[in-house]
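*Asks:* Sharing a structure, written as structure tokens. Questions coming.
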Amino acid sequence: MASFKPTKIQVYPKLGEKVTQDTLYWKNYKAPVQIKEFGAVTSIDFSPVTPHNFAVTAFTRIHIYGPFSQEPVKSFTRFKDTAYCGRFRSDGQLLVAGCEDSVVRLFDVSGKVALRLFKGHTKAVHLTDFTSDRYQILTGSDDYTCRLWDIPNATELTTYTEHTDYIRCGVTSKLNRDLFITGSYDHTVKLFDARVEKSVITMDHGQPVESVLLYPSEGLLVSAGGRHVKVWDLLKGGQPLVSLKNHHKTVTSLALSSNGQRLLSASLDRHVKVYNTTNYKVVHNFDYAASILSLGLAPDDASIVVGMTNSILSIKHRKNQEDSKEIAGQQRRRPSYRVFVKGKNYVPKQDDYLVSKPVKEHLAKYDKHLRRFNVSKALDTALGTYIRFRKPEITVAVIKELDRRGTLKNALAGRDERGLSQLLNFIIGNLVDARFTPVLVTAAEMILDIYQSVIGQSPVVDRQLLRLQDLVEREIEFQKDLLEVLGMLDTMFASSLPRKEVPCSGIGRSNGLTQGEQSTSKPQLQVT
Numbered sequence: 006m007a008s009f010k011p012t013k014i015q016v017y018p019k020l021g022e023k024v025t026q027d028t029l030y031w032k033n034y035k036a037p038v039q040i041k042e043f044g045a046v047t048s049i050d051f052s053p054v055t056p057h058n059f060a061v062t063a064f065t066r067i068h069i070y071g072p073f074s075q076e077p078v079k080s081f082t083r084f085k086d087t088a089y090c091g092r093f094r095s096d097g098q099l100l101v102a103g104c105e106d107s108v109v110r111l112f113d114v115s116g117k118v119a120l121r122l123f124k125g126h127t128k129a130v131h132l133t134d135f136t137s138d139r140y141q142i143l144t145g146s147d148d149y150t151c152r153l154w155d156i157p158n159a160t161e162l163t164t165y166t167e168h169t170d171y172i173r174c175g176v177t178s179k180l181n182r183d184l185f186i187t188g189s190y191d192h193t194v195k196l197f198d199a200r201v202e203k204s205v206i207t208m209d210h211g212q213p214v215e216s217v218l219l220y221p222s223e224g225l226l227v228s229a230g231g232r233h234v235k236v237w238d239l240l241k242g243g244q245p246l247v248s249l250k251n252h253h254k255t256v257t258s259l260a261l262s263s264n265g266q267r268l269l270s271a272s273l274d275r276h277v278k279v280y281n282t283t284n285y286k287v288v289h290n291f292d293y294a295a296s297i298l299s300l301g302l303a304p305d306d307a308s309i310v311v312g313m314t315n316s317i318l319s320i321k322h323r324k325n326q327e328d329s330k331e332i333a334g335q336q337r338r339r340p341s342y343r344v345f346v347k348g349k350n351y352v353p354k355q356d357d358y359l360v361s362k363p364v365k366e367h368l369a370k371y372d373k374h375l376r377r378f379n380v381s382k383a384l385d386t387a388l389g390t391y392i393r394f395r396k397p398e399i400t401v402a403v404i405k406e407l408d409r410r411g412t413l414k415n416a417l418a419g420r421d422e423r424g425l426s427q428l429l430n431f432i433i434g435n436l437v438d439a440r441f442t443p444v445l446v447t448a449a450e451m452i453l454d455i456y457q458s459v460i461g462q463s464p465v466v467d468r469q470l471l472r473l474q475d476l477v478e479r480e481i482e483f484q485k486d487l488l489e490v491l492g493m494l495d496t497m498f499a500s501s502l503p504r505k506e507v508p509c510s511g512i513g514r515s516n517g518l519t520q521g522e523q524s525t526s527k528p529q530l531q532v533t
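Structure representation (structure tokens):
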């Protein structure tokens, strides 16, 4: 008796991720270190000086973490309400932060008590930053004003009241101490010059602005708000260059890589996307467990720090060469593949005595039913929830095998309302998949032939049959449209190809005569 052959499952090619240099670069990070903060992490800022500590603003505290520390090396807790936007000065010695109580506090990184208190705003201060000369502070508030403060005298220098809604983000120029940019919920981004009394450039983002970023050359500005990330050319008066819409929810934070060639955007959709600043195409994507409020990238790209709404701080450190060597060593210490396949391809010699070992055959559950000719149970097993949704190719392979055996009609017949509804759901969900269409069309035709006498007795089955009919009709219309487009493309391609004349040696193109005959022959006139 011939041995039973298991059902052959068709293996379809998988569309894997294209491996590029960006993929290798941005995947070269260790598993994230997660730290639980006291509240939602609203701001992350790296110190410009080594060892590049970073300040994390969450609830009523600002924690400073070292590059590889999982505990804060410094904490500032002298806030009466929620703190916002902790920022380092360019020398890494001072830290400024806003607060819900409208007071701006200046801290010495090596101390605990605030050095200066700047009072003047009437509502929460969400924007703070130092100017490039280190002696002034920029602040922006929910009272619609942005202000410049003098650090040594703790006095207000200038107030700008051009915005008509909350000011939630901004940045100062690192090349000119008088220039700074603010972004507001009134949908505008404004460039100010402290030497004049009003803004010099206004850009309309179209959505409430959540974050702004200047390129190192400061010729380009990036703004984020809503689902859009927009790039502006400041040298051309704020002319828009690019508008990106790759996120599904509000973009909350921006960052730039150390070489300025990659732009990162974080969003409430739990994704961080990496763009190539040459063509602004997405080259990589990071996924996180919760909505992202803040993003920080170390000056040397050694760490990616993300703050989320669930109070989790996620830190990814770049792998160094020692880690790579250690991983390679661990891989070498594991048994190699050749150990497990050793001797499998050995061919016995003429004088060898071969002792064969019976190979135990492991059959899937549906194959066991097919072996016993229980065709209905085999199909029921292949229609199980996991197989039906995760591995539909197995269900289709079983249907194809039953059709090959000529027992598909028997397997489809005799089903109750629930079993028939389950089968029709699978067919509706996979019929238009080009991989499964030939097999499922045959099964659908058999179902209509078997159950046509009971149509109208079950409203559930009737609705599914109507859905199947609508699906088939729409697919036919799509196919017709595609054939029309294909005909148009064929015509365009044919007309765009250059015409080539095929030389025919020795044959005249006019009458098919050879050149000699064509030259000597003369037309003859018949006179009647």
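Going by the numbering used here, the letters in the sequence shown line up with residues 6 to 533, in that order.
Beta carbons are placed, not taken as given, at the ideal position from N, Cα and C, and that holds for glycine.
All values derive from a computational prediction rather than experimental measurement.
For Lys321, which residues does DSSP report across the bridge?
*Replies:* Your numbering for residue 321 matches position 316 in the sequence shown. Per DSSP, Ile309.
*Asks:* Are Leu413 and Val380 touching if we call contact CB-CB under 9 angstroms?
*Replies:* As a first step, residue 413 is located in the sequence shown; it is residue number 408 there, counting from the start. As a first step, residue 380 is located in the sequence shown; it is residue number 375 there, counting from the start. Yes; because the gap between Cβ atoms is below 9 angstroms, this pair is in contact.
*Asks:* Pick helix, strand or coil for His57, following the three-state DSSP scheme.
*Replies:* Taking the sequence shown and counting its residues from 1, the one referred to as residue 57 is at position 52. Here His57 sits in coil by DSSP.
*Asks:* Where do the N-terminal and C-terminal ends of the alpha helix (DSSP H) with Pro3 fall, by residue?
*Replies:* The shown model of the chain, from 6 to 533, leaves out residue 3, and the question about it has no answer.
*Asks:* With 16 other CB atoms within 10 Å as the buried threshold, where does Glu215 fall?
*Replies:* The count along the sequence shown starts at 1 and reaches residue 215 at position 210. Buried: at least 16 other Cβ atoms inside 10 Å.
*Asks:* Just to confirm before moving on: does the CB-CB distance between Asp305 and His57 stay below 9 angstroms?
*Replies:* The residue labelled residue 305 in the question sits at position 300 within the sequence shown. The residue labelled residue 57 in the question sits at position 52 within the sequence shown. Yes. Within cutoff.
*Asks:* Tell me the residue span of the alpha helix (DSSP H) that contains Pro245.
*Replies:* For the purposes of this step, residue 245 is taken as the residue at position 240 of the sequence shown. Looking at the DSSP string, Pro245 is not in any alpha helix (DSSP H); the run it does join, the beta strand (DSSP E), is 244-249.
*Asks:* Note down the Cα distance separating Ala416 from Gly492, rounded to an integer number of angstroms.
*Replies:* For this step, residue 416 is matched to residue 411 along the sequence shown. For this step, residue 492 is matched to residue 487 along the sequence shown. Cα to Cα, the separation comes out at about 42 angstroms.
*Asks:* Taking Gly188 as the reference, which of Val403, Leu368, Ile206 has the closest Cα?
*Replies:* Numbered from 1 along the sequence shown, position 183 holds the residue referred to as residue 188. Closest by alpha carbon: Ile206.
*Asks:* Got a sec? Which residues, its chain only, sit under 8 angstroms from Leu476 by beta carbon, not counting five neighbours each side?
*Replies:* Sequence index remark: in the sequence shown, residue 476 carries index 471 (1-based). The answer, listed in chain order, is Ile433, Leu436, Val437.
*Asks:* According to the Cβ coordinates, are Glu105 and Ser316 closer than 9 angstroms?
*Replies:* Looking up residue 105 in the sequence shown gives position 100. Looking up residue 316 in the sequence shown gives position 311. The answer is no: Cβ separation not under 9 angstroms.
*Asks:* Terminal residues of the continuous alpha helix (DSSP H) containing Phe93?
*Replies:* Taking the first residue of the sequence shown as position 1, residue 93 is located at position 88. Premise fails: Phe93 lies in the beta strand (DSSP E), 88-93, not in any alpha helix (DSSP H).
*Asks:* Excluding the five sequence neighbours on either side, which residues of its own chain have a C-beta within less than 7 angstroms of the C-beta of Ala119, listed in chain order?
*Replies:* Residue numbering aside, residue 119 sits at position 114 when the sequence shown is read from its first letter. Arg83, Arg110, Leu111, Phe112, listed in sequence order.
*Asks:* With a cut-off of 8 angstroms on the beta carbons, I'd call Leu470 and Ile460 a contact; round off their distance for me.
*Replies:* In the sequence shown, the residue the question calls residue 470 occupies position 465. In the sequence shown, the residue the question calls residue 460 occupies position 455. Leu470 to Ile460, Cβ: 7 angstroms. Contact.
*Asks:* For Glu215, report the span of its alpha helix (DSSP H) as first-last.
*Replies:* As a first step, residue 215 must be located in the sequence shown, where it is residue number 210. Note, Glu215: premise wrong, no alpha helix (DSSP H); beta strand (DSSP E) at 214-219.
*Asks:* Starting from Phe51 and walking both ways along the beta strand (DSSP E), at which residues does that stretch end?
*Replies:* On the sequence shown, position 46 is the one that residue 51 refers to. It spans 46-51 - the beta strand (DSSP E) in which Phe51 sits, taken as one unbroken run.
*Asks:* Go to Asp495, then tell me how far its alpha helix (DSSP H) extends in each direction, as first and last residue.
*Replies:* Here residue 495 is taken as the residue at index 490 of the sequence shown, counted from 1. It spans 464-501 - the alpha helix (DSSP H) in which Asp495 sits, taken as one unbroken run.
*Asks:* Contact between the stretch 248-260 and the stretch 278-297: three or more CB pairs below 8 angstroms?
*Replies:* The answer is yes - the stretch 278-297 touches the stretch 248-260, with three or more Cβ pairs under 8 angstroms.
*Asks:* Measuring alpha carbon to alpha carbon, tell me which residue in Thr400, Asp138, Asp372, Glu223 is nearest Ser95.
*Replies:* Start at 1 with the first residue of the sequence shown, and residue 95 comes out as number 90. Ser95 has its Cα closest to that of Asp138, out of Thr400, Asp138, Asp372, Glu223.
*Asks:* Taking C-alpha atoms, which residue in Val401, Glu167, Gly301, Gln462 lies nearest to Cys439?
*Replies:* For this step, residue 439 is matched to residue 434 along the sequence shown. It is Ala, not Cys, that sits at residue 439 in the sequence shown. Comparing Cα-Cα distances from Ala439 to each of Val401, Glu167, Gly301, Gln462, the minimum goes to Val401.
*Asks:* Apart from the five residues just before and just after Ile49, which ones in its own chain have a Cβ nearer than 7 angstroms to its Cβ?
*Replies:* Here the question's residue 49 lines up with position 44 in the sequence shown. So the list reads Phe59, Val61, Ser299, Leu300, Gly301, Val310, Gly312, once near-sequence residues are dropped.
*Asks:* Measuring straight from C-alpha to C-alpha, what distance separates His210 and Leu218?
*Replies:* Indexing the sequence shown from 1 puts residue 210 at position 205. Indexing the sequence shown from 1 puts residue 218 at position 213. Taking the straight line joining both Cα atoms gives about 14 angstroms.
*Asks:* I'd like the span of the beta strand (DSSP E) that includes Arg110, first residue to last.
*Replies:* Counted from its first residue, the sequence shown places residue 110 at position 105. Residues 109-113.
*Asks:* For Ala402, which of helix, strand or coil comes out of DSSP?
*Replies:* What you label residue 402 is simply residue 397 of the sequence shown in a count that begins at 1. It is helical.
*Asks:* Give me the residue from Thr442, Glu223, Asp191, Gly419 with the minimum Cα distance to Leu180.
*Replies:* Your numbering for residue 180 matches position 175 in the sequence shown. Of the listed residues, the one whose Cα sits closest to Leu180 is Glu223.
*Asks:* Note down the Cα distance separating Arg66 from Ala88, rounded to an integer number of angstroms.
*Replies:* For the purposes of this step, residue 66 is taken as the residue at position 61 of the sequence shown. For the purposes of this step, residue 88 is taken as the residue at position 83 of the sequence shown. Answer to the nearest angstrom: the Cα atoms are 6 angstroms apart.
*Asks:* Grouping DSSP H, G and I as helix and E and B as strand, with all else coil, what is Asn435?
*Replies:* Position 430 of the sequence shown holds residue 435. Helix.
*Asks:* Looking at the secondary structure, which residues open and close the alpha helix (DSSP H) in which Val380 lies?
*Replies:* Counting from one through the sequence shown, the residue named residue 380 turns up at place 375. Element bounds for Val380: 380-387.
*Asks:* So what's His367 in DSSP terms, helix, strand or just coil?
*Replies:* Sequence index remark: in the sequence shown, residue 367 carries index 362 (1-based). The answer is coil: DSSP assigns His367 none of H, G, I, E or B.
*Asks:* Could I get the ranges of all uninterrupted alpha helix (DSSP H) runs contained in the stretch 184-212, with 4 residues as the minimum, in chain order?
*Replies:* Whole alpha helix (DSSP H) segments, 4+ residues: zero.
*Asks:* In chain order, what residues of the same chain have a beta carbon less than 8 angstroms from the beta carbon of Leu162, not counting five sequence neighbours either side?
*Replies:* For the purposes of this step, residue 162 is identified with residue 157 of the sequence shown, where counting begins at 1. Once the five neighbours on either side are set aside, the close Cβ partners of Leu162 are Gln141, Arg152, Leu153, Trp154, Asp155, Ala199.
*Asks:* Based on DSSP bridge pairs, tell me the residues matched to Glu161.
*Replies:* In the sequence shown, residue 161 corresponds to position 156, counting from 1. Bridge partners of Glu161: Trp154.
*Asks:* For Asp27 versus Asn281, is the C-beta spacing smaller than 9 angstroms?
*Replies:* For the purposes of this step, residue 27 is taken as the residue at position 22 of the sequence shown. For the purposes of this step, residue 281 is taken as the residue at position 276 of the sequence shown. Cβ atoms of Asp27 and Asn281: closer than 9 angstroms.
*Asks:* Look at Val38 and Lys321 and say whether their C-beta atoms are less than 9 angstroms apart.
*Replies:* Looking up residue 38 in the sequence shown gives position 33. Looking up residue 321 in the sequence shown gives position 316. In contact: Val38 and Lys321 (Cβ atoms closer than 9 angstroms).
*Asks:* If contacts are defined as beta-carbon pairs under 8 angstroms, then Glu406 and Leu375 qualify, I think. What distance do you get, rounded to the angstrom?
*Replies:* Taking the first residue of the sequence shown as 1, we reach residue 406 at position 401. Taking the first residue of the sequence shown as 1, we reach residue 375 at position 370. That pair is a contact at about 7 angstroms.
*Asks:* Does the Cβ of Ile186 have 16 or more other Cβ atoms within 10 Å, making it buried, or fewer, making it exposed?
*Replies:* The residue given as residue 186 occupies position 181 in the sequence shown. So Ile186 ends up on the buried side.
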